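These protein sequences, in sequence, are chains A, B, C and D.
Sequential numbering from 11 applies to the first sequence in the numbering used here.
Sequential numbering from 11 applies to the second sequence in the numbering used here.
Sequential numbering from 11 applies to the third sequence in the numbering used here.
Sequential numbering from 11 applies to the fourth sequence in the numbering used here.
Quick notes on the structure that follows.
Protein chains: 4
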Amino acid sequence: MEQRILRTECSDKTGLIAGIAQLCFKYNYNIHHQDQFVSSEDNTFFMRSVLDGDFDKADDFMQEIKAFLPADAKASLKENKKANIAVLVTKESHCLGDILMKSYSGALDANVVMVAGNYNKLEDLANKFNVPFHLVSHEGISRDEQEQRMMEVIDSYDVDYIVLAKYMRILSPKMVAHYPLGKLINIHHSFLPAFIGARPYEQAFNRGVKIIGATAHFVTNNLDEGPIITQDVISVNHRYSAENMAKAGRDVERLVLLKALNKVFDHKVFIHGNKTIVF
Amino acid sequence: MEQRILRTECSDKTGLIAGIAQLCFKYNYNIHHQDQFVSSEDNTFFMRSVLDGDFDKADDFMQEIKAFLPADAKASLKENKKANIAVLVTKESHCLGDILMKSYSGALDANVVMVAGNYNKLEDLANKFNVPFHLVSHEGISRDEQEQRMMEVIDSYDVDYIVLAKYMRILSPKMVAHYPLGKLINIHHSFLPAFIGARPYEQAFNRGVKIIGATAHFVTNNLDEGPIITQDVISVNHRYSAENMAKAGRDVERLVLLKALNKVFDHKVFIHGNKTIVF
Amino acid sequence: MEQRILRTECSDKTGLIAGIAQLCFKYNYNIHHQDQFVSSEDNTFFMRSVLDGDFDKADDFMQEIKAFLPADAKASLKENKKANIAVLVTKESHCLGDILMKSYSGALDANVVMVAGNYNKLEDLANKFNVPFHLVSHEGISRDEQEQRMMEVIDSYDVDYIVLAKYMRILSPKMVAHYPLGKLINIHHSFLPAFIGARPYEQAFNRGVKIIGATAHFVTNNLDEGPIITQDVISVNHRYSAENMAKAGRDVERLVLLKALNKVFDHKVFIHGNKTIVF
Amino acid sequence: MEQRILRTECSDKTGLIAGIAQLCFKYNYNIHHQDQFVSSEDNTFFMRSVLDGDFDKADDFMQEIKAFLPADAKASLKENKKANIAVLVTKESHCLGDILMKSYSGALDANVVMVAGNYNKLEDLANKFNVPFHLVSHEGISRDEQEQRMMEVIDSYDVDYIVLAKYMRILSPKMVAHYPLGKLINIHHSFLPAFIGARPYEQAFNRGVKIIGATAHFVTNNLDEGPIITQDVISVNHRYSAENMAKAGRDVERLVLLKALNKVFDHKVFIHGNKTIVF
Numbered sequence: 011m012e013q014r015i016l017r018t019e020c021s022d023k024t025g026l027i028a029g030i031a032q033l034c035f036k037y038n039y040n041i042h043h044q045d046q047f048v049s050s051e052d053n054t055f056f057m058r059s060v061l062d063g064d065f066d067k068a069d070d071f072m073q074e075i076k077a078f079l080p081a082d083a084k085a086s087l088k089e090n091k092k093a094n095i096a097v098l099v100t101k102e103s104h105c106l107g108d109i110l111m112k113s114y115s116g117a118l119d120a121n122v123v124m125v126a127g128n129y130n131k132l133e134d135l136a137n138k139f140n141v142p143f144h145l146v147s148h149e150g151i152s153r154d155e156q157e158q159r160m161m162e163v164i165d166s167y168d169v170d171y172i173v174l175a176k177y178m179r180i181l182s183p184k185m186v187a188h189y190p191l192g193k194l195i196n197i198h199h200s201f202l203p204a205f206i207g208a209r210p211y212e213q214a215f216n217r218g219v220k221i222i223g224a225t226a227h228f229v230t231n232n233l234d235e236g237p238i239i240t241q242d243v244i245s246v247n248h249r250y251s252a253e254n255m256a257k258a259g260r261d262v263e264r265l266v267l268l269k270a271l272n273k274v275f276d277h278k279v280f281i282h283g284n285k286t287i288v289f
Numbered sequence: 011m012e013q014r015i016l017r018t019e020c021s022d023k024t025g026l027i028a029g030i031a032q033l034c035f036k037y038n039y040n041i042h043h044q045d046q047f048v049s050s051e052d053n054t055f056f057m058r059s060v061l062d063g064d065f066d067k068a069d070d071f072m073q074e075i076k077a078f079l080p081a082d083a084k085a086s087l088k089e090n091k092k093a094n095i096a097v098l099v100t101k102e103s104h105c106l107g108d109i110l111m112k113s114y115s116g117a118l119d120a121n122v123v124m125v126a127g128n129y130n131k132l133e134d135l136a137n138k139f140n141v142p143f144h145l146v147s148h149e150g151i152s153r154d155e156q157e158q159r160m161m162e163v164i165d166s167y168d169v170d171y172i173v174l175a176k177y178m179r180i181l182s183p184k185m186v187a188h189y190p191l192g193k194l195i196n197i198h199h200s201f202l203p204a205f206i207g208a209r210p211y212e213q214a215f216n217r218g219v220k221i222i223g224a225t226a227h228f229v230t231n232n233l234d235e236g237p238i239i240t241q242d243v244i245s246v247n248h249r250y251s252a253e254n255m256a257k258a259g260r261d262v263e264r265l266v267l268l269k270a271l272n273k274v275f276d277h278k279v280f281i282h283g284n285k286t287i288v289f
Numbered sequence: 011m012e013q014r015i016l017r018t019e020c021s022d023k024t025g026l027i028a029g030i031a032q033l034c035f036k037y038n039y040n041i042h043h044q045d046q047f048v049s050s051e052d053n054t055f056f057m058r059s060v061l062d063g064d065f066d067k068a069d070d071f072m073q074e075i076k077a078f079l080p081a082d083a084k085a086s087l088k089e090n091k092k093a094n095i096a097v098l099v100t101k102e103s104h105c106l107g108d109i110l111m112k113s114y115s116g117a118l119d120a121n122v123v124m125v126a127g128n129y130n131k132l133e134d135l136a137n138k139f140n141v142p143f144h145l146v147s148h149e150g151i152s153r154d155e156q157e158q159r160m161m162e163v164i165d166s167y168d169v170d171y172i173v174l175a176k177y178m179r180i181l182s183p184k185m186v187a188h189y190p191l192g193k194l195i196n197i198h199h200s201f202l203p204a205f206i207g208a209r210p211y212e213q214a215f216n217r218g219v220k221i222i223g224a225t226a227h228f229v230t231n232n233l234d235e236g237p238i239i240t241q242d243v244i245s246v247n248h249r250y251s252a253e254n255m256a257k258a259g260r261d262v263e264r265l266v267l268l269k270a271l272n273k274v275f276d277h278k279v280f281i282h283g284n285k286t287i288v289f
Numbered sequence: 011m012e013q014r015i016l017r018t019e020c021s022d023k024t025g026l027i028a029g030i031a032q033l034c035f036k037y038n039y040n041i042h043h044q045d046q047f048v049s050s051e052d053n054t055f056f057m058r059s060v061l062d063g064d065f066d067k068a069d070d071f072m073q074e075i076k077a078f079l080p081a082d083a084k085a086s087l088k089e090n091k092k093a094n095i096a097v098l099v100t101k102e103s104h105c106l107g108d109i110l111m112k113s114y115s116g117a118l119d120a121n122v123v124m125v126a127g128n129y130n131k132l133e134d135l136a137n138k139f140n141v142p143f144h145l146v147s148h149e150g151i152s153r154d155e156q157e158q159r160m161m162e163v164i165d166s167y168d169v170d171y172i173v174l175a176k177y178m179r180i181l182s183p184k185m186v187a188h189y190p191l192g193k194l195i196n197i198h199h200s201f202l203p204a205f206i207g208a209r210p211y212e213q214a215f216n217r218g219v220k221i222i223g224a225t226a227h228f229v230t231n232n233l234d235e236g237p238i239i240t241q242d243v244i245s246v247n248h249r250y251s252a253e254n255m256a257k258a259g260r261d262v263e264r265l266v267l268l269k270a271l272n273k274v275f276d277h278k279v280f281i282h283g284n285k286t287i288v289f
């Protein structure tokens, strides 16, 4: 007995759940667990079904599923295996460190196949975990040129997701468009939509806020505006300098990013316009 | 178009979701939202389905549902209406106050039909909200006698749930058995299973804990051991006296209780042995 | 033995704590507890000292304190008594309800001396707790005129603080300037600085955020920009409609506001530029 | 200018703060920040003062401080430097991993001078960070013998603290007594006092709790009963298996332990009977 995940996404109509359940029954797939949601704005149906069974005839099953679903449907059947990921970094180690450590201990369902950075400060850390590191410096070359090189490095690997783990460069529309929506995941050093832009902890300090946060989101062309996956916050107070806030913020950043990655790698996240459904 | 909630609970078998969905389809009930869970210990299936439709033939539908389900099944179709509740109190006002206020403002889907207490300290508060108050004193009479009178008072009303809102008397097995499991809801002044018994905040203070909590649970014969519905905590520190801890605890107690009541009144809670499934 | 609170605020210099402590010692005031902070930006010293003693010669003590402190110092000695407050409302009851209930039960160190609103919807609620309600409608009159009447109503009472408990009108600079900074406290229906302006929960819904919050702050002429006292958040998800977010938000709003009021009434909050120190 | 931390602990009396402040003034040490607490049970005074100055005459200063304080006083002046720590482990990597990573990145003020375990599973991880690992197996030898060897290994290093980072062996009273109280820090895989003993996550699962937590505490002879430093919790629900609870618990464990270590290494923790004061 194997376990696979059926993801369904289409315009809603009566009988969708019944029809899908009937097809699972026909192929002798037991629905171990199922999450479902219909958006109230535009009546879009989302479902994630965990199926137990023998998937020899999975192709036939998916053909029947697609024939049954409305024309606008997206449906996929995901195998239960580790994601292959590329991690992009600059100088800060806290997110990469947590990804490497959790991948090493088995607490993150992912293989880090490579790390690339515009500085080589984290090469040593990647190498500790036997992960190849690529320096793609931005110095002395155009932004376009640097991005071109970065994409070549990434594309020389077969990766499911690209994680921007405090990669402090703004991706051009060209690079964003080069990858399908949902493949690029970013951790934003702030509780969006507050403190967009540079030096968020200094902004937070100057505003005298009592809470700071972080946001993990998919990358789109609208900087800092992609679909939010997870967010979390911690309390701060007047004793925190901007630097202390940044230090505290790092802990939130890595927790929020790792939580998002776990959800994404588990196929629990659907993108819906500029929002997400996270089961 | 009306909305009703179908609750299903039975031993799991392949095709349950498909079969129920088919019947909903047959009666033209659209499944607006559905939550489902199978316990791993004993393979019990739980499902809460929010149905939109015309429920003129609801009785026929439920007959077909029951015919389809295994013999051990419990199934019910709940109308979308306010719960009628009795609230039992002693002297502390914070839980009763929140129940009355939220019922008054419409933030709790319940009518408080009466309040009863073994002291009359909260009579004034109940009356402010035009709710009858019954004094059922324990003074000068046996525990058995007091309970008997309390049950008579309660049973003179038609209530869906009895909320022990800091009612500081231990119910006898006789009184517990007098009501079906799930009807009596208690707020326990502690994070169960820690600090069971009397003076929990003094216990917490003496132990020097950094977090205190509260637990809402259904009442069973095992004192403080009934199925837990909701729990929450707050941070405390060395500056808190036992009294300060109690004061802080009161805020957690009312929040935890009200959250539990909202879930129960919304038919989102299933009891499974000594645990709950809360959708 | 009485307890009073000494608040000190001035430019920092070596020996401040020693000097103040010496004067307390001289007057036989025991320092029961003391919190102190020096801002790193401009070296301002803030201290809150809880003193036990016999305060017959409190005036002499304060004269000596002021003589000792730098010329720019603010110092005050607060008696331990309940604050008198006016509460301004519009239609939403959750914040006023919590203030009245906690004042009634003794969990808030304040007497609500009056409630005033631009609608009379909450008159009934105020009256339940025997608090006078004043309708100061904005209908048919100018904004200026309505404000003028509101200030007259407020000023006919002797109040320590004015709490804007979901008072959905923007105060003019004139009205803000009419009261000393620190007297007007507002609860903002959002996690500042995010979602400033109208319909914050719809904004939050449209942005697809996973967390919503609330902010209690002192009122200044910069709308939504006054010094923040407390903030808190709760998690939401894709299942929350804008309306559900508003409902969840109300619980955060009342908790954040009540927490802020407790801190302010306990003389634990200092205003420093556009920030606060909260001991 | 240097920064040092003065820790004072003694029976309370009027004039303590004044006297200490006077001595700081005399030696030209500016009190940059000061936290102070008097326990209500037994009137013990605790103070942590951050002093800026030139500490050439620190010995004279401490002599005067001790002469001024009551006979039962403990006072110390801590230099601002990294703690040297030994970490004891068994098989689980999450706490050691976080300690190594944060020490590596500078987010923890400590040098990990060695790791010792009763299994060698984490030798590879320690070596990645160039930290020596000592296997002190318990196999084939008595508990007493194993402990003896462990103490010899530890004592061959000069360490300020010994961190039990999921070291799954119960220390004998002999080993506990071998080190001063405050030197041994443990992370307990549960929210104390709940679920003391073996397999806490299975206990939590069986009880159906909605929250699980972790506790960092100093080690005393009363197993799981030492003074609590920090605690935290996370929410769980019916979907969590005992194994999922353990996985979620690991994240809480490492966060709680690291938070405790930061507080201890910063000299912010005082032990008072079986409790702690944490500034």
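Each residue gets a CB set at the ideal place from its N, CA and C atoms; glycine is no exception.
Keep in mind that this is a model prediction, so the values were computed, not measured.
For residue j and residue i, the rounded distance between their alpha carbons
i               : j               : result
I195 of chain C : A204 of chain C : 19 Å
Y211 of chain D : K220 of chain D : 12 Å
V99 of chain D  : V173 of chain D : 9 Å
P237 of chain B : H282 of chain B : 8 Å
R159 of chain B : S115 of chain C : 28 Å
G25 of chain A  : N216 of chain D : 38 Å
M161 of chain C : I244 of chain B : 39 Å
A175 of chain C : T286 of chain C : 20 Å
F201 of chain D : G223 of chain B : 11 Å
6 Å Cβ shell around residue i - same chain, five flanking residues per side excluded
i               : result
D119 of chain D : K92 and F275
C20 of chain C  : F55, L79, P80, D82 and A83
F143 of chain D : V125, E133 and A136
V141 of chain D : V122 and V125
Beta-carbon proximity check, residue i vs residue j, cutoff 8 Å
i               : j               : result
A214 of chain A : T240 of chain A : no
F47 of chain A  : A28 of chain B  : no
V163 of chain A : V122 of chain A : no
D108 of chain C : L268 of chain C : yes
Residues that residue i contacts on chain C, provided the C-beta gap is smaller than 9 Å
i               : result
T286 of chain A : G218, K220 and H248
Own chain partners of residue i with C-beta closer than 7 Å, once the 5 adjacent residues on each side are dropped
i              : result
K88 of chain D : R14, I15, R17 and H277
Contact list for residue i against chain D, beta-carbon separation under 8 Å
i               : result
K257 of chain A : A117
Within chain B, the residues that residue i reaches when beta carbons sit closer than 9 Å
i               : result
A204 of chain D : F201, L202, P203, A204 and F205
Neighbouring residues, chain A, relative to residue i (Cβ below 7 Å)
i               : result
I244 of chain C : What I244 of chain C touches in chain A: nothing, since even the nearest Cβ is about 10 Å away.
Closer than 8 Å at the beta carbon, the chain A residues around residue i
i               : result
S50 of chain C  : S251
K138 of chain D : K138 and F139
Buried/exposed call for residue i, threshold 16 Cβ in 10 Å
i               : result
R260 of chain C : buried
M111 of chain B : buried
K23 of chain D  : exposed
D52 of chain D  : exposed
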